[in-house]
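The block underneath contains the structure these notes are about, expressed in C-alpha cells.
Protein chains: 4
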Amino acid sequence: MPVPQHVFNPPFNIVRCSHVVLDVTDLDKSREFYDKIIGLHVEDADDTTVYLRASEEHQHHSVVLRKAETAACARLGFKVGNEDDLDKAASFFASNGILYSFVDRPYQGRTLHFTDPFGYRIELYAQMEKRPHLLRRYELYKGCHPQRLDHFNVFASELQDTVDFYARLGFRLTEYAEEDGEGGRIAAAWMHRKGNVHDFAITNGRGPRLHHFAYWVPTAMNILHLCDVMASSGLIANLERGPGRHGISNAFFLYVTDPDGHRIELYTCDYQTMDHDHEPLRWSLRDPRRQTLWGAPAPRSWFENGSPFTGQDVREPLFVADVTIAD
Amino acid sequence: MPVPQHVFNPPFNIVRCSHVVLDVTDLDKSREFYDKIIGLHVEDADDTTVYLRASEEHQHHSVVLRKAETAACARLGFKVGNEDDLDKAASFFASNGILYSFVDRPYQGRTLHFTDPFGYRIELYAQMEKRPHLLRRYELYKGCHPQRLDHFNVFASELQDTVDFYARLGFRLTEYAEEDGEGGRIAAAWMHRKGNVHDFAITNGRGPRLHHFAYWVPTAMNILHLCDVMASSGLIANLERGPGRHGISNAFFLYVTDPDGHRIELYTCDYQTMDHDHEPLRWSLRDPRRQTLWGAPAPRSWFENGSPFTGQDVREPLFVADVTIAD
Amino acid sequence: MPVPQHVFNPPFNIVRCSHVVLDVTDLDKSREFYDKIIGLHVEDADDTTVYLRASEEHQHHSVVLRKAETAACARLGFKVGNEDDLDKAASFFASNGILYSFVDRPYQGRTLHFTDPFGYRIELYAQMEKRPHLLRRYELYKGCHPQRLDHFNVFASELQDTVDFYARLGFRLTEYAEEDGEGGRIAAAWMHRKGNVHDFAITNGRGPRLHHFAYWVPTAMNILHLCDVMASSGLIANLERGPGRHGISNAFFLYVTDPDGHRIELYTCDYQTMDHDHEPLRWSLRDPRRQTLWGAPAPRSWFENGSPFTGQDVREPLFVADVTIAD
Amino acid sequence: MPVPQHVFNPPFNIVRCSHVVLDVTDLDKSREFYDKIIGLHVEDADDTTVYLRASEEHQHHSVVLRKAETAACARLGFKVGNEDDLDKAASFFASNGILYSFVDRPYQGRTLHFTDPFGYRIELYAQMEKRPHLLRRYELYKGCHPQRLDHFNVFASELQDTVDFYARLGFRLTEYAEEDGEGGRIAAAWMHRKGNVHDFAITNGRGPRLHHFAYWVPTAMNILHLCDVMASSGLIANLERGPGRHGISNAFFLYVTDPDGHRIELYTCDYQTMDHDHEPLRWSLRDPRRQTLWGAPAPRSWFENGSPFTGQDVREPLFVADVTIAD
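Protein chains in written order, with my numbering: chain A, 977 to 1303; chain B, 977 to 1303; chain C, 977 to 1303; chain D, 977 to 1303.
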C-alpha cells in the first residue's frame, strides 16, 4: 500500500498538538491523580472542571478534566499558527463537507471545533491565556516532572483513509508499521507537525477512540520514580505497560491509566524530524522490537482498551492486521 | 515456622561472597558476553580458563569461566577474614562430618573447598592476588559498569535445613518469604555477612542449583543502557526479567542469561543491615510486590531454570509452596 | 533597545543548523578526541579530512575536521528546506551585496557558501548523502552518547546588527540578555529555526569568532560520565566549565575544549519554541542565574577564548557590556 | 609518617555513625530546610527540638535540631553492637582518663556521653526507638531522597593524635592525604567501621569543629535536582561546592549549608572496604584530583568554615600543611 505523502503547503497551519479534554466520573479522584501522582499543575478549577498544565507550557491548560456521567474523550486540541489559520480551516472544512463551528472556550481565544469524517472531535485555536512557565520553578516540581504534552494516539477503524486525511492537513509520516508482502496494509502510522516523531499517531482498531495521550518527561529516572510512587500508592493496577524502550520512536516509555481508564504515556528522548527530506521508517508487523526494543510484549488490555469520543459510536476496524498493534 | 537465628560468634569468619566459577561450553562466546556486553574486565586468560573482575574489586577475579562439556556452576567462593579462619573452618567441618580439602587455585592463597550437606560446592580463602582497582579508570568502563559482585542466590530442595546451616555459619537473615497461616513454611531467605541485604539467598526449588549471581552497578541508568545494548546486539532472548524494582531488597534489578543459560542479576541500591538489632522483614507469599514492587510477574523460566553444581544430583524440593518464588 | 522582530516569511527557508568545519593542527589527535572521548562516529576519513556524525543524524557529517597549519573555524553549515531555497538565497545575497558562490563539497549536494557582513563563513545546502541513523544501534554507543548537533554560538563585535541580520533570515529570538535601564543594550541573543531554544546564539565580544558548538545528549548522566572519563584520560584541563544547569535555556550543560581549544558544549533538556506567539525571555545582565542557575560563575577563559573564522580578522566589540557574558 | 594501624579487636564495638545533634538559632527555619529542601522526615518535634530521619533508617532520628542562642554541633552519635559494649566503653574511658557519663536521651536507650581528648563530644548507644523504615514508601519521598546518614567529617588541630586515638577504637583507615617527601605529614584521614569508605573523616585545621555530615542519596540525579530546587528556592548562597566527583572515595557529591552554616554533604556511590586485608589508599596533597576528580577547586569557605562543638574552645592546628585540604 502506498505510503501517504503529506502536503507541504497544507490548507492551514497546525503547529502542534496542544491539549486534551477528558470526561471523568469522579472529578476529585482524577484531579488527585493528575496533580499528585503525575505531577501536573492545577491552573484553575471549579465544581465541574479542572485545568492543568505541565512545567514548560506557557499555555493555560494541556489537560482539562470535566465531571461527567460517562468516561470519554471530549476532544483533542491542536494549536494553529495565527488567527487567519482558523478562517482558512473553516473554509477548507466548508469546501470538504466537514462539520465545524466556532465555539467559546474558557481561557482560549477564537476556537474552531470540528468532527472529522471518522468521528474524532477536534478543536483548533491560535491563542490561549498565557501564564509564566514553571520550567525554572523547580521548587514546584512533583510527580514525574511532566514537561509538555507530546502527542495523541488514536484507534482508527478506517486506518488508511484517516492517515490520508491527516496527510492532507500537513501531518508528515515518520514511522509506520505494515503487513509484509505485496499489498501489505499499513496498520499504524506516526505523524508530526512540530518536528519530532509525532503529534498524532493512528492505530488500526475499533475507532474512533483515543488510545493515549503522552507527556514528555526529562529523563527515564523520572519514569522509574513514577513506578515506585504508584506502587507505594496502591496503584499497581494502573501501571499498564513498561517501563521500556520503544523500537518505534526510540523513546523510553511508561503507560499508566487514570481512575477512569484513560491511558497516559510518559515519554522521553525521541528524535528530530523537521528535515524536508526526512524519510519515514517502515517496521514489519512481525518485528517484535517495534513495540518494545527489549522484546517484552504489551498486555492484552493495551491492544483493546481505549477512550471513546463523547457522543461518537465506535466501529469495528475495516480489517484485522496479521498482528494487532499500537504503540 | 521459627525464623532462624544466626550465630553472632560463628565458628569462623566469612566476610563476604567473593567469586563464582562457571563451566561454559563455548569459552570464546562466554568471554565475549561477560567482557563486551556485561562489561567485566579480563585479568587473565588461557585456552581453558578466563578470569574477570569488576571495577572496584582489588581481587584478581570474581567470575571464572572454565571450558567444559556441560554447563554448570563449578563452585561459589567466599572470602574469610584471615588465614586462621581457614583452619577454624577445617576444624568445624571435621567436627560436623562435612567433606573438605585444601586445594590449589591459581591466583588464590590457601583455599579450602567443601561440599555442604545439601550439595553446594563452596570454596573459602583469605588471600587472593591483588590488582589496583579500576574504579577511577573511567576510560576503561564499558557495558553496564559492573562495580562488584554482590550476592549469590541458590535453589534449595531442603530449604529450612539449608537456611539453618548457613545461620550456624553466621549468615544473618534480612528478609524472608513465608506461607501465610500457622505452620506456614519459609519459602525463601535472604542472608548476609557483609552488611547489606544479602551475600547468599536461598529459594525453595529443585536443588542444589545456582539461581543467579549478581553484580552491583552504580545506577538504574546503567541497567537501562544494558537492555538497549542487548536488544541491539541480538540478545533479546537473554533479557529474561525486568528491569524493575524488587519489593524484597528494594533494589532496582535486571536478570539476563549468558550463552549457557547461567543467570546474572544487575542490581543497585539496596540498604544497610549491619546493626546487631536489625530485624528480618517478613513477606507473605501472596504479596505480589515482593518480587516486583511494580506488580509485574516473573516469567516461568525464572522459577524453573538454574545451573546445577558440577557433579551434584538435583533433587525435588521437600515441599511445594503455595506460590513458587525466588527473587 | 528594541528587541529584534524576526521575519515570519523569510527570503529563504533555513531548517536548522547542520554542521561545523574545523581546522585542526593535529588531525589524529583531534579525531581521537571526537571519536573516543566525545563518542561521535567516523563516517569517512582520509589524510587531510575526517567526517563524523552523531547517533540520530541521517546526514553524513555534522563535524568535519580538516588538517591545517592554524586552528580555526572554517565554516558553519545550515540546512535549507529544498533546492530552490538555495536559489532564493543566492538571489537575496545578490540583492543585498553579500558575497556568495556555489561550491563543491564532498558528500553534499549543491552548496552555497557566503560570508555574511560581519565575517561569519557559512554554507547552505538542501541535500547531503544519507546514511542509516545509529539511534537504535546501541551496541555502537560510546563517549557521552552524542545524539545530534544542537546549535552554534558566536562572538559578535557588532551585536545588534548581527542579530538584526539573522532576524531578517527568519531566525527567531527566544531569550536575550540585556543591560538594565533605559537604552540598555542587548548583550547576547539566542535565536532558532528548528523549534527549540536555539540554532544560533550571538554574544557580544571580539568577533567574528565561534564561541562553541553543541551536541544534544540524552541525559545529564551522560555528561557526568564524560567528566569522569576525561578526568581519568588526563584531560582535566579540557573540562572548562560545568557541569551545571543554565538559567538561559534551562538546559543541563558541560563545556569542554578539543585539542586545539575549539569549544564543544554537551547539552540536554531545553524546551519547545515553535508557537507563533512564543515570546522571548529577557534576562538582566545582573542576574547570576542567567549563566548558571546554581550560581557558579564561568571561568575567565570562557569569556575570552573563541575560534576565529579562517581568513577573517577579529575586531573589538562596539561596546563593552556592564557584565561580559556568553552562554 | 607511619600510617596508623587500626585495632582489629577494639575495646568495644562501634558499628557505625548514627546521628548528629545540632544547635540552631531559628528552629522553624532549620526544620523547613531539612524537611522540605533536603527531604528528611520529621519523626517528633516540640518547641525546642526536632527529630528527623532518612528513608531507610529504622532508628528514630539521625539529625536532631535544638533551639539555641548560638549555632554549634552539640554532639555526634555512634551506634555500638550491644548493651555490654557501653559498659566496655565506660571501662575503657575510665582506664584512659577520658571524661564520660551515662545520660538520658529521649527515644534512646542507655546512652554513654564522652568528650574525647581533643574536644569532640560524642555519644554511644545500642538501642534507639525503632520505626518502620520508609524505603518502600515512595509516596513520601521528597527533596533529594536522602536514604541514610553516611559519615561525619571533622577538623582536628592535632591530626595525627586524633587519627591514632580513633584507630585504637577500631576505626580503619581507607584513604589518606599526605605531604610528599620523607617525614611528610598526614593531613587528612578517612576511617570506617561499617564497611564503606568512612564513618569518620579527620582533616587538619582549626579544631575541634565539625566540617560536615553526609547523607547517602540513591543517585547523582537526586543531587542535580537538589541544586535546581535550591536555586529556585533562593538558596544559591547555600550551594557551597559541587556537584562533582571526589577522587577520594570516588563518590559523587554536593556540599550545601543549612541556615546556620552547618555543612551537609549529599553523597553517593563509594565502595566496600570490609576485607581484612583492605589497604588504605594514599593521595599526595599535590594531586588535584584528590578533592575533585574533575579538577575543580573547592571554595575558600570550604577550607575555613566549620561548626564548633558546644562549649569547646577551638585551637589552631599544630601544623599547616603544604596545601590546605578537606574532603
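Think of the CB as a built atom: it goes at the ideal place given N, C-alpha and C, for glycine as much as any other residue.
Legend entry - Cβ-based neighbour list, A1227 (chain A), same chain, cut-off 8 Å, excluding 5 preceding and 5 following: Apart from the 5 residues on each side of it in sequence, A1227 (chain A) sits with its Cβ closer than 8 Å to the Cβ of V1173, R1221, Y1243, T1244, C1245 and D1246 in its chain, given in chain order.
Legend entry - CA-to-CA distance, V997 (chain C) to E1045 (chain C), given in whole angstroms: 15 Å
Inset, instruction - Taking 8 Å as the threshold, find out whether the segment 1025–1032 of chain C comes into contact with the segment 1111–1129 of chain C through three or more Cβ pairs. - result: yes
Inset, instruction - Would you verify that the beta carbon of D1303 (chain C) is, or is not, closer than 9 Å to some beta carbon of chain D? - result: At D1303 (chain C), the pLDDT of 47 sits below 50, so the modelled position is not reliable and the matter cannot be decided from this model.
Inset, instruction - Taking only beta-carbon positions, decide if A1047 (chain D) is within less than 9 Å of chain A. - result: no
Inset, instruction - Identify every run of the alpha helix (DSSP H) within the segment 1200–1285 of chain C, keeping only runs that are complete inside it and at least 4 residues long; order them along the chain. - result: 1276–1280
Inset, instruction - Please decide whether H1201 (chain B) counts as near chain C, where near means a Cβ-Cβ distance under 9 Å. - result: yes
Inset, instruction - Pull up the distance between the alpha-carbon of E1105 (chain D) and that of G1223 (chain B), whole angstroms please. - result: 24 Å
Inset, instruction - Specify whether the segment 1072–1080 of chain C and the segment 1054–1061 of chain C touch according to this definition: at least 3 beta carbon pairs, one from each stretch, less than 8 Å apart. - result: no
Legend entry - Residues that S1209 (chain B) contacts on chain C, provided the C-beta gap is smaller than 7 Å: Contact annotation for S1209 (chain B) against chain C: E1115 [CB-CB distance below 7 Å, chain order].
Inset, instruction - State the start and end residues of the unbroken beta strand (DSSP E) segment that holds E1154 (chain C). - result: R1148 to E1154
Inset, instruction - Starting from A1070 (chain D), trace the alpha helix (DSSP H) both ways and give me its first and last residue. - result: E1059 to S1071
Legend entry - 9 Å Cβ cutoff, M1250 (chain D) in contact with chain C: no
Inset, instruction - Tell me V1296 (chain C)'s beta-bridge partners as DSSP assigns them. - result: BP columns for V1296 (chain C) are empty, so no partner.
Inset, instruction - Report the option in A:S1209, A:I1014 and A:E1059 whose CA atom is closest to the CA atom of V1039 (chain A). - result: A:I1014
Legend entry - DSSP state of K1012 (chain D) mapped onto helix, strand, coil: helix
Legend entry - Cβ-based neighbour list, I1301 (chain C), same chain, cut-off 8 Å, excluding 5 preceding and 5 following: Legend: pLDDT at I1301 (chain C) = 46, less than 50; position of this residue unreliable, no value from coordinates given.
Legend entry - Within-9 Å CB hit, L1062 (chain A) to chain D: So, not an interface residue.
Inset, instruction - Check whether the Cβ atoms of W1166 (chain C) and L1145 (chain C) lie closer than 9 Å to each other. - result: no
Inset, instruction - Tell me whether T1179 (chain A) sits in a helix, a strand or coil according to DSSP, three-state version. - result: If DSSP states are grouped into helix, strand and coil, T1179 (chain A) belongs with the strands.
Inset, instruction - Take the Cβ of G1159 (chain B) as the centre, count every other Cβ of all protein chains shown within 10 Å, and call the residue buried at 16 or more, exposed below. - result: exposed
Inset, instruction - Check the Cβ-Cβ distances between R1265 (chain A) and every residue of chain B, and say whether any is below 9 Å. - result: Judged by the 9 Å Cβ criterion, R1265 (chain A) is in contact with chain B.
Inset, instruction - Spell out whether any CB of chain C is found under 9 Å from the CB atom of T1300 (chain B). - result: Per-residue confidence for T1300 (chain B) stands at a pLDDT of 49, beneath the threshold of 50, marking its modelled position as unreliable; no derived number is given.
Inset, instruction - Kindly list, in the order they appear in chain C, the residues whose Cβ is closer than 7 Å to that of D1253 (chain A). - result: Close to D1253 (chain A), with beta-carbon spacing below 7 Å, are these residues of chain C in chain order: Q1103.
Inset, instruction - Put T1091 (chain C) into one of helix, strand or coil per three-state DSSP. - result: strand
Inset, instruction - State the DSSP-derived secondary structure class of L1075 (chain A), mapped to helix, strand or coil. - result: coil
Inset, instruction - For F1068 (chain B), collect the residues of the same chain with a Cβ closer than 7 Å to its Cβ; drop the 5 residues on either side in sequence, then sort them by chain order. - result: P987 and F988
Inset, instruction - Would you list the one or two residues that DSSP bridges to T1025 (chain B)? - result: B:R1042
Legend entry - Terminal residues of the beta strand (DSSP E) in which L1125 (chain D) lies: R1124 to A1132
Inset, instruction - Determine, using beta carbons only, whether I1185 (chain C) and F1285 (chain C) come nearer to each other than 9 Å. - result: First, the amino acid is wrong: residue 1185 (chain C) is Arg here, not Ile. A contact, by the Cβ cut-off of 9 Å.
Legend entry - Cβ-based contacts, 7 Å cut-off: residues of the segment 1024–1048 of chain C near chain A: E1032
Inset, instruction - Starting from F1189 (chain B), follow its DSSP beta bridges and name the residues at the other end. - result: B:F1128 and B:I1240
Legend entry - Validate contact between the segment 1128–1135 of chain A and the segment 1094–1112 of chain A using beta carbons, cut 8 Å, 3 pairs: yes
Legend entry - Whether H1036 (chain D) touches Y1083 (chain D) by CB criterion (9 Å): It is a contact, given that the beta carbons lie within the stated cut-off.
Legend entry - C-alpha gap between D1140 (chain D) and A1047 (chain D), whole angstroms: Rounded to the nearest angstrom, the gap between the Cα atoms of D1140 (chain D) and A1047 (chain D) is 29 Å.
Inset, instruction - Could you tell me the boundaries of the beta strand (DSSP E) in which F1054 (chain D) lies? - result: A1048 to V1056
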